[in-house]
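Novice: In the UniProt record's numbering, the protein residues as written are 1 to 549. Positions of the beta carbon are idealized from the N, C-alpha and C atoms, including for glycine.
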Amino acid sequence: MFLKTSFTSLIVGVFVVYVLHTCWVMYGIVYTKPCDNPKGGNCITPFLAGNPKLQLSIYTALRPNAEGGHTLIHKEEDFDVNSKFEKIINVSLPKKTRNNGTLYALIFVHQAGVTPWQDPRQVHSVAQLTTYMIPKLPEISLISGEDQTQGQKDEAQQKKQRDGNSAAGTASTSDHPVSHWRTRLTLNIVGDHFLFDRESLPSDVHRYLRVFQNGKKMVYLPLLFVDELSNRVKDLVEINGTSMELPLTISYDSISLGRLRFWIHMQDAVYSLKQFGFTEKDADEIKGIFVDTNLYFLALTFFVAAFHLLFDFLAFKNDISFWKQKKSMVGMSSKAVLWRCFSTIVIFLYLFDEQTSLLVLIPAGIGSIIEVWKVKKALKIQVFWKGGKPTFLFGKLDESERRTEEYDTLAMKYLSFLLYPLCIGGAVYALIYLRYKSWYSWLINSLVNGVYAFGFLFMLPQLFVNYKLKSVAHLPWKAFMYKAFNTFIDDVFAFIITMPTSHRLACFRDDVVFLIYLYQRWLYPVDKTRVNEYGVSYDEEPKGKTHED
1 MFLKTSFTSL
11 IVGVFVVYVL
21 HTCWVMYGIV
31 YTKPCDNPKG
41 GNCITPFLAG
51 NPKLQLSIYT
61 ALRPNAEGGH
71 TLIHKEEDFD
81 VNSKFEKIIN
91 VSLPKKTRNN
101 GTLYALIFVH
111 QAGVTPWQDP
121 RQVHSVAQLT
131 TYMIPKLPEI
141 SLISGEDQTQ
151 GQKDEAQQKK
161 QRDGNSAAGT
171 ASTSDHPVSH
181 WRTRLTLNIV
191 GDHFLFDRES
201 LPSDVHRYLR
211 VFQNGKKMVY
221 LPLLFVDELS
231 NRVKDLVEIN
241 GTSMELPLTI
251 SYDSISLGRL
261 RFWIHMQDAV
271 YSLKQFGFTE
281 KDADEIKGIF
291 VDTNLYFLAL
301 TFFVAAFHLL
311 FDFLAFKNDI
321 SFWKQKKSMV
331 GMSSKAVLWR
341 CFSTIVIFLY
351 LFDEQTSLLV
361 LIPAGIGSII
371 EVWKVKKALK
381 IQVFWKGGKP
391 TFLFGKLDES
401 ERRTEEYDTL
411 AMKYLSFLLY
421 PLCIGGAVYA
431 LIYLRYKSWY
441 SWLINSLVNG
451 VYAFGFLFML
461 PQLFVNYKLK
471 SVAHLPWKAF
481 MYKAFNTFID
491 DVFAFIITMP
501 TSHRLACFRD
511 DVVFLIYLYQ
521 RWLYPVDKTR
531 VNEYGVSYDE
541 EPKGKTHED
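1) Should the region 248-263 be called in touch with the region 190-201, which here means at least 3 C-beta pairs below 8 angstroms?
2) Within this structure, are the beta carbons of Ala-126 and Leu-54 separated by less than 8 angstroms?
3) Among Glu-371, Thr-131 and Leu-103, which one has its Cα closest to the Cα of His-70?
4) Using CA coordinates, which residue listed in Lys-287, Trp-442 and Asp-80 is at the minimum distance from Asn-51?
5) DSSP beta-bridge partners for residue 550?
6) Could you tell me how far apart the beta carbons of Leu-185 and Leu-248 are, in whole angstroms, since I believe they sit closer than 8 angstroms?
7) Classify Ile-345: buried if its beta carbon has 16 or more other beta carbons within 10 angstroms, exposed otherwise.
8) For Cys-23, name the three-state secondary structure that DSSP assigns.
9) With H, G and I counted as helix, E and B as strand and the rest as coil, what does DSSP make of Ala-127?
10) Run through DSSP, which three-state label would Lys-423 get?
11) Tell me which residues share the same chain as Lys-217 and place their Cβ nearer than 7 angstroms to its Cβ, disregarding the 5 neighbours each side in the sequence.
12) What residue does the beta strand (DSSP E) around Met-218 start on, and which one ends it?
13) On the three-state DSSP scale, how would you describe Asp-119?
14) Check this for me: beta carbons of Tyr-436 and Asn-445, under 8 angstroms apart or not?
15) Report all residues from its chain with a CB closer than 8 angstroms to the CB of Ala-112; omit the five preceding and five following residues, and keep chain order.
16) Just grab the DSSP bridge partners of Val-513 for me.
17) Measuring CB to CB, does Thr-130 end up less than 8 angstroms from Arg-63?
18) Out of curiosity, what's the CA-to-CA distance linking Ile-370 and Lys-136?
19) Within 10 Å of its beta-carbon, does Ser-92 have 16 or more other beta-carbons around it, so buried, or fewer, so exposed?
20) Throw me the rounded Cβ distance for the Ser-57 and Pro-116 pair, which I believe falls under 8 angstroms.
21) Just how far apart, CA to CA, sit Phe-303 and Val-16?
22) Name the DSSP beta bridge partners of Ala-105, please?
23) Put Met-133 into one of helix, strand or coil per three-state DSSP.
24) How about Leu-224 and Val-114: are their beta carbons less than 8 angstroms apart?
25) Let me check understanding here. Comparing Cα to Cα, which of Val-211, Glu-86 and His-21 lies closest to Asn-42?
26) Below 7 angstroms CB to CB, which residues in the same chain sit around Ser-243 once its five sequence neighbours on both sides are set aside?
27) For Pro-177, count neighbouring C-beta atoms within 10 Å of its own C-beta (all shown protein chains included) and say buried if the count is 16 or more, exposed if not.
28) Is the distance from the Cβ of Arg-524 to the Cβ of Lys-468 below 8 angstroms?
29) Name, in chain order, the residues that DSSP records as bridge partners for Pro-46.
30) Name the one or two DSSP bridge partners that Val-211 has.
31) Can you tell me the Cα-Cα spacing of Trp-385 and Leu-410, whole angstroms?
32) Lys-324 to Gly-367, Cα distance in whole Å?
33) If you count every other CB in all the chains shown that lies within 10 Å of the CB of Trp-439, and 16 or more means buried, which is it?
34) If we count the other Cβ atoms within 10 Å of its Cβ and call it buried at 16 or more, is Ser-179 buried or exposed?
35) CA-CA distance, Tyr-519 and Leu-463?
36) Please list, in chain order, all residues of the same chain as Glu-280 whose beta carbon is under 8 angstroms from its beta carbon, the five residues on each side excluded.
Okay, structure coming up:
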């Protein structure tokens, strides 16, 4: 017991140190020490302090160095750094871009009245307007085979684009990456007149800093930043041979130095994830956390995610410890264990089919493996290998376990009258009126909709067994409470992380069942003569210890 407590305390201690260290690192990112002596020679002053007349010019080119020519697509002649704007323009696509090529945007901030190529004090940045992605498979009606519904213009437009790709010799349904258009270009310039100290210049800002000598002073040009985090997968448009022009939304706003440094670090983190094998969609889920929330809510998200990780680990640890030592299934619903195993596997396959974020997919996969192991323990299954073939041996139930099984079977009998017709009816309705990528997709969606919509009903047999036995001592309460905390944390994540709507609703559904479990724990007093989660009663423990001594 001492070792278990020490190990848990060690994990909690490491968690606290991690949180404090992260807070210190975040403070170092958002806070920059200014130059203490403005009159000294170590300060770098901002070029914007002199209120110069500036112009914003945006060009497109096939190469990031503008070799092969460039085209002006937008300019702001009287550019005010502190004035926010958003404009939509149409960009003509070169033939090479339409033939599965690329296109870049060259953004210049320079002195008004001259071209950026003639201004030695211009600042510029390069942004990629295209990216490569595998096209999403079209969804069809499995009965009629139609891939569009008459009267829906957006789907008709998708079909038109697919036909255009076929005419151009490119199939949008292929497994090869196809060039997609980024419909947003978000620009930021630091509006603060911040004095940098030359000796303590932040390394993350250094690559964006252009400095020139003005007399005895060092002056830095405007800090121009292209926000790549605002480029979301949902905003991408597939480019085909008929796409002569595509819209581009240009957004500009000033930004504080602290927020710029934070954005640089987050952008570098997303880039590192891609280097480690994360797909564009996985990285997009993380982008959504940063882009779709404000800074204060983002800080709350960090603490929520940290506690979620801690409770996940403690729940897995205590759940495995509980089932590893459990010898009797008295008071435990074996049907509920089987259902949890089935439902977690179905949910994992559904999330995998929907290409959900790894933030959601990996915990679901780990949970599925644990649930399979719990079924083996609950049904007392032993596996023997003979000649490379497995042989399964099921253990026998004692009298108390058979009584629990009777209550469990009775509860499932009542539930089946309601559950099975609803699941079958929902599957038939979806087959007739909805569209899917394949029959497998329909099967997984139908199963997971049944799990999400009526899955909480399979938690009711355990409530029924608790009611009949008038006890909850047989439940793994440590693991249960950690899971309960995580369920309420999932409610917060349901508004932050992109996930299927049915999975989001299921987070709130579980809250009700957990509250009922808590009510039963309060309602039924502790009976020390009843067996606990390890198969022994409180009154038997002293006798066992005396016998061992």
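Specialist: So, to answer that:
1) yes
2) Contrary to the premise, residue 126 reads as Val rather than Ala in this sequence. No.
3) Leu-103
4) Asp-80
5) A question about residue 550 goes unanswered here, because the residues of the chain that appear run from 1 up to 549.
6) 6 angstroms
7) buried
8) helix
9) strand
10) Before going on, a small fix: residue 423 reads as Cys here, not Lys. Note: Cys-423 maps to helix in three-state DSSP.
11) Thr-45
12) 217-220
13) coil
14) yes
15) Lys-53, Leu-54, Gln-55, Glu-77, Asp-78 and Phe-79
16) BP columns for Val-513 are empty, so no partner.
17) no
18) 32 angstroms
19) exposed
20) 6 angstroms
21) 11 angstroms
22) Thr-60 and Ala-127
23) strand
24) no
25) Val-211
26) Leu-93 and Arg-98
27) exposed
28) It should be noted that the sequence gives Tyr, not Arg, for residue 524. No; because the gap between Cβ atoms is not below 8 angstroms, this pair is not in contact.
29) Tyr-220
30) Tyr-220
31) 35 angstroms
32) 16 angstroms
33) exposed
34) buried
35) 11 angstroms
36) Thr-131, Met-133, Val-233 and Lys-274
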